[in-house]
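S.K.: For the sequence shown, position 63 matches number 98 in this note's numbering, and the numbering has no gaps at all. Heads up, the beta-carbon is just placed ideally off N, CA and C, and yes, glycines get one too. In this text, all values refer to a predicted model and were calculated from it rather than measured experimentally.
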Amino acid sequence: MAKDEDKIQVEGMVIEALPGTQFKVRLENGHDVLAYLSGKMRKYYIRILLGDRVRVEMSPYDLNRGRIVYRHKKAVAASVTEED
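Printed below as a string of structure tokens:
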């Protein structure tokens, strides 16, 4: 088993939800990986939806699978109104 410092963390977007809290994630480099929720995210009922930006932790030994360890918060679009 790889140590914590051996893990690779990459950003990606959820493109498909699969049964058993598994997700298909498209990474920033264009690769698709099969990812599952980490135990803490399951414990605290953190929901993952299609289109969510997530951080995936991967082992250097299997680059086709990963563990979702963080869901980025949605950016709140500030509506700016210009008065003429």
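Any idea what DSSP makes of R82, helix, strand or coil?
M.R.: Looking at R82 - three-state DSSP - the assignment turns out to be coil, as it is neither helix nor strand.
S.K.: Mark G55 as exposed unless 16 or more other C-beta atoms lie within 10 angstroms of its C-beta, in which case mark it buried.
M.R.: By the 10 Å Cβ count, G55 comes out exposed.
S.K.: Under 8 Å, do V91 and V45 count as touching if we go by C-beta distance?
M.R.: For V91 and V45, yes; Cβs fall inside 8 Å.
S.K.: K59 by DSSP, collapsed to three states: which one?
M.R.: K59: strand per DSSP, three-state reduction.
S.K.: Under the rule that 16 or more other beta-carbon atoms within 10 Å means buried, what is A52, buried or exposed?
M.R.: Exposed, by the Cβ-count rule.
S.K.: So, for M48: in the same chain, excluding its five sequence neighbours on each side, which residues have a beta-carbon less than 8 Å away from its beta-carbon?
M.R.: For M48, where only same-chain residues beyond five positions count, the Cβ hits under 8 Å are V60, R61, G86, D87, R88 and V89.
S.K.: Look up D144 in the DSSP assignment and say whether it is helix, strand or coil.
M.R.: Lying outside 36 to 119, the shown extent of the chain, residue 144 is not represented and no answer is given.
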